[in-house]
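Numbering (this note's numbering), first residue to last: 9 to 744.
Even for Gly, the Cβ is constructed at its ideal location relative to N, Cα and C.
These numbers come from a predicted model, not from an experiment.
Here is the structure we will look at, set down as structure tokens.
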């Protein structure tokens, strides 16, 4: 471990004190790790202030700062502490941290597959500091040198005799020592937990139904609340009659809740809230409301209008040039070998299994909240300001959360809950139904893409033009260009083709849109990897070899964004591994085919090979997905594989079935009967995921496996039956 010496500098704040029970309490606040210091310099500072407590019974409690939305942080982050502390995994107790400046403030969030990347070093330092303090205490008690002492499964031993102490036995004494100036972190060959599969510490509570999700919260005198809104985006209440609603047994109140934001594109829609003593009474009360609406400015908005505008815009030069290398138009005009194709991706919704909800207990001088947010500190600040309470008088607890996918980054449901709580001054649990969740969501942007390419007589791509038109997430954001959320100009095949150009045109629409799993990339991967596949077939080349040739024989690295690089070697690595494990190139029966795709998202490389068949009637069967991931140092192997499997299922649902359509400013879809989710009978018969071993720092796994799913599947469909899928979803083009 001496080879990995870490200094506890002046920016790493650590406090040691004794627990009331006699144990050790370690309050630690770290600046970001070496791998993220440069990102912090540009305003993304992730700090940790966790309280690591070691009790006299040897149990170690860790407060997890990041909301758990299914990405596995309540397992992965405590693993880092357990690794350096050398404590038995069964003695780790994980608790969820409340929203606090102490845990990183606005950076205390579940977004961008950041959790493991940013807490990799700080959490390990926490365990290492505790380890050193405990060894000092044991050495003093035995009157030995500290260097002969060590910890094994939470038991302190030494190399000179058979004496043993539990870490809890010396925890109180350890709390009296000063923080060491340097701590040693383990080298990879010393890891006991990291890189292995570790059991979820909450698995028993989850399986037994004891885990408390947002909708499970119960507090004294709590009422339930929900809102009836118009499906027309931007509609406002002209009048309402709640007399029948108030006759429903259990209904207590009904009142108007005003919109939040600009009327034509509100952040929170206007509606009428019904409050009662049960979920059933509230839902029946909503049905009994009579509301007259002013439908507002968006009644002419429709999917048809968006199609017409989007298709027209990509047929001409874009309003903005995102990236330009060489002279694309000259090469396209003079080349004898060209190909063009147009692709489309619809609005899609997030559909987390647990719909958004928030429980608020507002008093005259304080407030307590239980929320399913992905951004706890941002919500804490909003609620403090909204209720005009000092932030120290507002407490926000983060519950277990039934899925996020970016849906809970928006505080719309928190704002609505706050407005209702302020009106009542009584504890309420505010909830959305599934219909609310789909109809009033903020969707993935609607987009069209036209790509054109040219190649020379050696079948090398010489030009690449990508025009995109879409309803950008940044359309109305000040100080941002619309294309900034919809293009990543340095992702492959940028820098690999001499003449390369990206253009963007905005489709102006008020329909609300937001981030969804791997934002931007989930659309771009389908388009780029599908077009690469088309080029491979057009030039008569194997799709795998074509990709490898594009990435060049020579290993190269390019700047992706500030302090982030993209590697041809690592991308080739996942393509080769997935292809090898899938037995790429083997002879397949008629009507059966394989498709491959690879993509780079949040510093992680992923490739999928899909194996499908399409029969004479157009019926699609998905036989197998074979996947490879390079996410640097793996923490919990089982967790990584679970994220890949989940991303494939989620990606297949979106690719096969999902589309939000708009008519007269209203969302047409409203539940799983018309907004599809993959069924077990439609799922791949087999999924195999493989991990590229390497010595790179850990990167995200929650989102990167999602983008390549759609192109891998669509490329396999073409290989099986010759049908090219250029617009999603697939269900309107094949039988599922």
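Item                                                                                                                                                                         : Value
Determine the extent of the beta strand (DSSP E) in which residue 104 is found, giving its start and end residues.                                                           : 100-104
Leaving out the 5 sequence neighbours to the left and right, which residues in its chain are closer than 6 angstroms to residue 318 when beta-carbon positions are compared? : 456, 477, 515
In chain order, what residues of the same chain lie with their CB nearer than 7 angstroms to the CB of residue 349, ignoring the 5 residues before and after it?             : 459, 539, 542, 734
Suppose you measure from the CA of residue 705 to the CA of residue 148; what does that come to, to the nearest Å?                                                           : 36 angstroms
Kindly indicate which residue of 451, 454, 442, 506 has the alpha-carbon position closest to the one of residue 473.                                                         : 506
Run the CB neighbour count on residue 464, radius 10 Å, all protein chains shown included, and call it buried at 16 or more, exposed below.                                  : exposed
Starting from the N-terminal side, write out each stretch of the beta strand (DSSP E) that is 3 residues or longer and does not extend beyond the segment 412-471.           : 436-439, 455-463
By a C-beta neighbour count over all protein chains shown, 10 Å radius and 16 as the cutoff for buried, is residue 191 buried or exposed?                                    : buried
Between residue 601 and the rest of its own chain, which residues show a CB-CB distance below 6 angstroms, the 5 nearest in sequence each way excluded?                      : 724, 727, 728
Using the DSSP secondary-structure output, state which residues sit across from residue 504 in a beta bridge.                                                                : DSSP lists no partner for residue 504.
Going straight from the alpha carbon of residue 136 to that of residue 94, what length do you get?                                                                           : 9 angstroms
To the nearest angstrom, report how far apart residue 56 and residue 603 are at their CA atoms.                                                                              : Any reading at residue 56 must be qualified, since the residue scores a pLDDT of 42, below 50, and its modelled position is unreliable; the value itself is stated next. Each residue's alpha carbon lies about 42 angstroms from the other.
With DSSP run on the structure shown, which of helix, strand or coil describes residue 582?                                                                                  : helix
For residue 4, count neighbouring Cβ atoms within 10 angstroms of its own Cβ and tell me buried if that reaches 16, exposed if not.                                          : Nothing about residue 4 can be reported from this structure: the residues present for the chain run from 9 to 744 only.
Return the residue from the list 272, 399, 621, 731 that minimises the CA-CA distance to residue 517.                                                                        : 272
Can you give me the C-alpha to C-alpha distance between residue 569 and residue 163, rounded to a whole angstrom?                                                            : 45 angstroms
According to DSSP, is residue 41 part of a helix, a strand, or is it coil?                                                                                                   : Residue confidence for residue 41 is low, a pLDDT of 42 falling below 50, so the modelled location carries little weight and cannot support an answer.
How big is the Cα-Cα spacing for residue 243 and residue 741?                                                                                                                : 35 angstroms
Tell me the DSSP bridge mates of residue 283?                                                                                                                                : 233, 261
Check residue 526 in the structure and name its three-state DSSP category.                                                                                                   : coil
Determine, using beta carbons only, whether residue 720 and residue 605 come nearer to each other than 8 angstroms.                                                          : yes
If you run the structure through DSSP and keep just helix, strand and coil, what is residue 290?                                                                             : helix
Quick one: what does DSSP say residue 358 is sitting in, helix, strand or coil?                                                                                              : coil
With DSSP run on the structure shown, which of helix, strand or coil describes residue 328?                                                                                  : strand
What is the DSSP secondary structure of residue 759, reduced to helix, strand or coil?                                                                                       : This structure cannot speak to residue 759, because the chain is shown only from 9 to 744.
Given this structure, state the Cα-to-Cα distance separating residue 199 from residue 73, to the nearest angstrom.                                                           : 23 angstroms
Whole angstroms is fine: what's the gap from residue 297's alpha carbon to residue 436's?                                                                                    : 20 angstroms
For residue 163, write down the residues that DSSP places opposite it in a beta bridge.                                                                                      : 160, 174
Applying the criterion that 16 or more other CB atoms from any shown protein chain within 10 Å of the CB defines a buried residue, is residue 184 buried or exposed?         : exposed
For residue 652, which option in 287, 322, 633 has the closest C-alpha, if you only look at C-alpha atoms?                                                                   : 633
Applying the 10 Å Cβ sphere with the 16-neighbour rule, what's the burial state of residue 342?                                                                              : exposed
Less than 8 angstroms between the C-beta atoms of residue 411 and residue 333, yes or no?                                                                                    : no
If residue 496 sits next to residue 529, beta carbons under 8 angstroms apart, how far is it from one beta carbon to the other, in whole angstroms?                          : 7 angstroms
Determine the extent of the beta strand (DSSP E) in which residue 300 is found, giving its start and end residues.                                                           : 298-302
To the nearest whole angstrom, what separates the beta carbons of residue 599 and residue 623, a pair I think is in contact under 8 angstroms?                               : 6 angstroms
Taking just the CA atoms, how far does residue 481 sit from residue 354?                                                                                                     : 14 angstroms
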